[in-house]
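Read through the structure below, which is laid out as structure tokens, and then see the notes.
In my numbering, the protein residues as written are 28 to 622.
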């Protein structure tokens, strides 16, 4: 055992290295100075530069010095546009925003996705540790990364609002109308990025090393900004229509008018009202209380994003160009998840332990990193709820197997314990779906002589696999585990794992130091077994439902992911350009089909 002085000096805050190289089994490799290493680092920051371009380009569209006075003029010959024709809907002008967004938004995102997915299996860039630090001078719990996100979003909104307002003022429109239109474009700017953090396979979040559980807050913030902007957009137009005494004519649909001429703008507004209504319903069911107590309602109403997007496009046809990337990436990410959860995950063991703890060991045909997050769904409990849990194993110790532990701390986890217990009693294999392969935890550097893990209660589970991983991969490091539990009962649940740690450390000549503490005195006689369960009546589950042949879990291959991504953008982009170029719907079906 190393001296106390050495141990104290070794226990420093481990900052994430600037670049991490991973082997096939997730072991951290020593950095190299070869050309391939320089290339990987360059590609990592090249992806970041492309994503930055994609963030600022929607705002740049509204800067007249960038788009209207330069790029739009440059694109004019591409589509045979008559420069003397100043009409808004002159032939070919419908393709100008398409060209802009293709070059400065769609293309950078597609290239960034391709490069990132090809390099992420061998190289992980900096996790931007400083972005996760919470400044002390703020009274609320918010990190520098969240402040940077708010700064970018608010800055983009200010630029979009100001430039849109200047443009509309130049058309001699009333001030209230100019403000209303500018607010609408601000909401559209937020809408562009709103769907990106809403899926678990968002490569933007992976590049920033932000797990979905943390990144989803940005989806909520963008949703709030979008709805607020559109509500104000609607409110200012109501004021303008009230001033001109045209509320009924502008806001109510007309069924006995020609929607190609007289009723055109009225129906524009009706579709905008419908889109706002759908968004308000989604927003109302997204409050924390509704989301936690009525999750099925929350998830069902979120499917209203489909009619909300459709009616928004009917309200302002250029919206389809703005949200095109988000729509395609969202659908592709959903396809990634659906492909990996088409069948239940095969289970090696499923045990309801005393103390309201469930151990689930899955068969896994692909590698993973210890402390990764996996999402679990049990259809016998809920067909819509997915819950995240930390992996408590490592493929170096149990190859082909993946273990998680779940303690009954809420309604769903309590039902999981009851369900697994009932399956054990009736000799039936539980039906459990698992989704994985998201933002991995930051690998620990080998440059430190000592590594200290501190855990409390069931919170030790993400540390279990990491400790075992270090004992196998780096036995030269001093590994300390400081584990505080309330009762001896919790220690007894993991007695076998603690013995395994000691055996592996002894076999690999590792240096393991265990410091186990029970914080509640006089509780050492707590029963371990059925007597420890509460007296509540356990629910009964229908074990004959949701039967499907289980399969070992496997990640979607990089080749298939990239193939789906390219095919989705190629097919949808071709269709969009074909339909939009020359406004084919209007020419083929008549002017009443104006969108």
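Virtual Cβ for every residue (Gly too), placed ideally from N, Cα, C.
As the structure is a computational prediction, the values presented were derived from the model and not from experiment.
Contacts around residue i, its chain only, beta-carbon distance under 7 Å, and the 5 residues preceding and following it disregarded
i           : result
residue 245 : 176, 224
residue 216 : 85, 86, 183, 184, 187
residue 93  : 87
residue 203 : 263, 266, 267
residue 312 : 324, 325, 328
residue 610 : 121
residue 404 : 412, 413, 460
residue 82  : 179
residue 535 : 498, 499, 502
residue 523 : none
residue 408 : 439, 442, 443, 446
residue 196 : 205
residue 593 : none
Beta-carbon contacts of residue i that lie in its chain and below 6 Å, excluding the five residues immediately before and after
i           : result
residue 123 : 99, 102
residue 326 : 411
residue 206 : 263
residue 388 : 375, 376, 428, 430
residue 537 : 498, 502
residue 392 : 579, 581
residue 230 : 140, 143
residue 131 : 84
residue 595 : 355, 359
residue 576 : none
residue 421 : 397, 492, 495, 496
residue 89  : 187, 190, 191
residue 402 : 413, 415, 462
residue 600 : none
residue 58  : The pLDDT assigned to residue 58 is 48, lower than 50, so where the model puts this residue is not dependable; a value taken from the coordinates is nonetheless given after this. Answer for residue 58: no residue qualifies.
residue 137 : 596
residue 259 : 210
Own chain residues within Cβ distance below 8 Å of residue i, not counting five before or after
i           : result
residue 308 : 328, 331
residue 274 : 265, 268
residue 314 : none
residue 221 : 246, 249, 250, 253, 353
residue 542 : 507, 508, 509, 510
residue 219 : 85, 349, 350, 352, 353
residue 345 : 124
residue 453 : 570
residue 357 : 222, 223, 225, 226
residue 194 : 89, 91, 95
Bridge partners - residue i, DSSP secondary structure assignment
i           : result
residue 265 : Answer is none; residue 265 lacks a bridge partner.
residue 434 : 384
residue 414 : 403
residue 462 : 402
residue 379 : 385
residue 482 : 510
residue 443 : None, per the DSSP bridge assignment.
residue 390 : 428
residue 580 : 391
residue 567 : According to DSSP, which records beta bridges pairwise, residue 567 is partnered with nothing at all.
residue 477 : 505
Assumed close pair residue i, residue j - CB separation to whole angstroms, cut-off 8 Å
i           : j           : result
residue 433 : residue 423 : So it is not a contact: roughly 23 Å between Cβ atoms.
residue 460 : residue 368 : 5 Å
residue 489 : residue 417 : 4 Å
residue 146 : residue 71  : 7 Å
residue 128 : residue 119 : So it is not a contact: roughly 16 Å between Cβ atoms.
residue 382 : residue 520 : 5 Å
residue 567 : residue 456 : The pair is not a contact, with the Cβ atoms about 18 Å apart (cut-off 8 Å).
Check: residue i C-beta below 8 Å from any heavy atom of the ligand SAM
i           : result
residue 195 : Here there are no bound small molecules, and the ligand SAM is not part of this structure.
Ranges of the beta strand (DSSP E) found wholly within the segment 497 to 554, counting only runs of at least 3: 505 to 512, 538 to 545, all fully within the segment 497 to 554.
The segment 296 to 305 touching the segment 335 to 342, judged by at least three CB pairs closer than 8 Å: Yes, the segment 296 to 305 touches the segment 335 to 342.
Stretch pair the segment 434 to 441 + the segment 492 to 507: three plus CB contacts closer than 8 Å: Output reads no: the segment 492 to 507 does not touch the segment 434 to 441.
Segments assigned alpha helix (DSSP H), at least 4 residues, entirely inside the segment 62 to 98: If we require 4 residues or more, the alpha helix (DSSP H) runs fully inside the segment 62 to 98 come out as 62 to 87.
Segment contact flag, the segment 363 to 371 with the segment 306 to 320, C-beta cutoff 8 Å, min 3 pairs: Verdict: no, contact absent.
Length-filtered (4 minimum) alpha helix (DSSP H) runs lying within the segment 126 to 206: DSSP runs (the alpha helix (DSSP H)) wholly in the segment 126 to 206: 134 to 146, 171 to 196.
Those runs of the alpha helix (DSSP H) which lie wholly inside the segment 315 to 383 and span at least 4 residues: Counting only runs that start and end inside the segment 315 to 383, the alpha helix (DSSP H) elements of at least 4 residues fall at 315 to 320, 322 to 328, 332 to 342, 346 to 349, 351 to 367.
At least three beta-carbon pairs within less than 8 Å, the segment 505 to 518 to the segment 479 to 491: Counting Cβ pairs under 8 Å, three or more are found: they touch.
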